[in-house]
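Novice:
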Amino acid sequence: MVAGQGHKQLVDGQVQAGERPIYTLSGHSLVGDKRTTPIRGDLADISLAGKLFAPHYAVPMLRTGIAPVTEIYAEAHATSMPVSALMHGEEFAVLDVAGAWAWGYCLHDNYLGYVRFAELGDDFDATHIVSASATLLVVAPSAKARVLARYPMGAQLLCGAPSECGNYLACENGFVPRAHLSEIGSVAASPADLAEQLIGTPYSWGGRSGDAIDCSGLVQLVFGLKGILAPRDADMQQADFGADLPKGAELQRGDLVFFPGHVGIMADAENIIHANGSAMAVSVEPLADAAARFAEHDEAILARKRVAF
């Protein structure tokens, strides 16, 4: 199934419903970053028509993550390598559906992959985001109520009125503690504060939530809560996120330090918070100790950057 029939669509400005535009491609067909350029051997996003050649072009079908976290895979099977994750409430542009799997890209960072189609649903306007390490959806506004679901940091929720006690918000046919939520766009904690809340969170390649996370996922998550969109992978962040610090400038809390294939957030001038394979968790350690593990490279530290917010 090629996406684009009977659902909300992302439509190129030149394409109108019912029309069958003809595109011509002249010159060389150059593919950009394969992680974020929506093309594969048989299919491409309609936005690439006339730019990159594909046998077929599809108008994306806009869907939204309805599971607490939806894994994104490199290939359409559960034993494939996870490459990222879609949080509850985040949007996904579906280009193709085959069996149980959908192929497309996340709207917040254009990252491509395969997800289970059953974990995608209709779009909704989220009002709040989980700004604690995780929260619980419960059947009633009480600390003793039965748990319906767990939502990790980064999950976006559509919440309603406060409970009579004022400590919960109605949500998803249940209630969520207000203390674990922030209105979208109004998260008070800094990125470094949020990263510290995740200390001890298990390291997982492709993870970007309060349940499991990798190094660049940590950066993307905590800055994303502040409304600052970062690219998905460490090399992308090094190239296109934040401003380089002048040589000799002292590091401060919240600065980013990039290593070969790795990134972390400074807790202060000397210590770094990072999701790392050494601790297999988010941990804090001296920057010098983290850098020492990259001693076999020509440069242990590739860049130091600061992000304004």
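With the sequence shown counted from 1, adding 188 to any position gets you our numbering.
Backbone N, C-alpha and C fix where the C-beta goes; we use that ideal spot for every residue, glycine too.
1. Using DSSP with H/G/I as helix, E/B as strand and the rest coil, what is residue 380?
2. In whole angstroms, give me the CA-to-CA distance for residue 477 and residue 446.
3. Could you spell out where the alpha helix (DSSP H) holding residue 181 opens and where it closes?
4. So what's residue 216 in DSSP terms, helix, strand or just coil?
5. Taking only the alpha-carbon atoms, compute the straight-line gap between residue 358 and residue 458 and give it to the nearest angstrom.
6. Label residue 249 either buried or exposed according to how many other C-beta atoms from any shown protein chain fall within 10 Å of its C-beta, with 16 as the threshold for buried.
7. Does DSSP put residue 346 in a helix, in a strand, or in coil?
8. Please go through the segment 319-378 and give each complete beta strand (DSSP E) segment of 3 or more residues, from N-terminal end onward.
9. Whose C-beta lies closer than 6 Å to the C-beta of residue 440 among residues of the same chain, with five residues either side of it excluded?
10. Please classify residue 310 as buried or exposed, where buried requires at least 16 neighbouring CB atoms within 10 angstroms.
11. Using three-state DSSP, classify residue 406 as helix, strand or coil.
12. Would you say residue 303 and residue 399 are within 9 Å of each other, going by their C-beta atoms?
13. Assuming residue 402 contacts residue 392 under a Cβ cut-off of 8 Å, what Cβ separation, rounded to an integer in Å, is found between them?
14. Look up residue 307 in the DSSP assignment and say whether it is helix, strand or coil.
Specialist: Judging by the given coordinates:
1. In the sequence shown, residue 380 corresponds to position 192, counting from 1. If DSSP states are grouped into helix, strand and coil, residue 380 belongs with the helices.
2. Within the sequence shown, the letter at position 289 stands for residue 477. Within the sequence shown, the letter at position 258 stands for residue 446. Approximately 14 Å between the Cα atoms of the pair.
3. With the chain covering 189 to 497 only, the question about residue 181 has no answer from this structure.
4. Translated into the one-based positions of the sequence shown, residue 216 becomes position 28. The predicted model places residue 216 with a pLDDT of 46, which falls under 50 and marks its position as unreliable; any figure quoted below should be read in that light. In this structure, residue 216 counts as coil in the three-state DSSP scheme.
5. Taking the first residue of the sequence shown as position 1, residue 358 is located at position 170. Taking the first residue of the sequence shown as position 1, residue 458 is located at position 270. Answer to the nearest angstrom: the Cα atoms are 43 Å apart.
6. Stepping through the sequence shown from its first residue, residue 249 is reached at position 61. Residue 249 comes out buried.
7. Counting from one through the sequence shown, the residue named residue 346 turns up at place 158. Coil, per DSSP.
8. 322-326, 335-340, 347-350, 356-359, 362-365, 369-371
9. In the sequence shown, the residue the question calls residue 440 occupies position 252. Taken in chain order, the list of residues that qualify is empty.
10. Along the sequence shown, one-based indexing puts residue 310 at 122. It is exposed - the Cβ of residue 310 has fewer than 16 other Cβ atoms within 10 Å.
11. As a working mapping, residue 406 is identified with position 218 in the sequence shown. Reduced to three states, the DSSP call for residue 406 is helix.
12. Against the sequence shown, residue 303 aligns to sequence position 115. Against the sequence shown, residue 399 aligns to sequence position 211. Result no, Cβ atoms of residue 303 and residue 399 do not sit closer than 9 Å.
13. In the sequence shown, counting from the first residue as 1, residue 402 sits at position 214. In the sequence shown, counting from the first residue as 1, residue 392 sits at position 204. Confirmed, about 6 Å.
14. For the purposes of this step, residue 307 is identified with residue 119 of the sequence shown, where counting begins at 1. The answer is helix: DSSP assigns residue 307 an H, G or I state.
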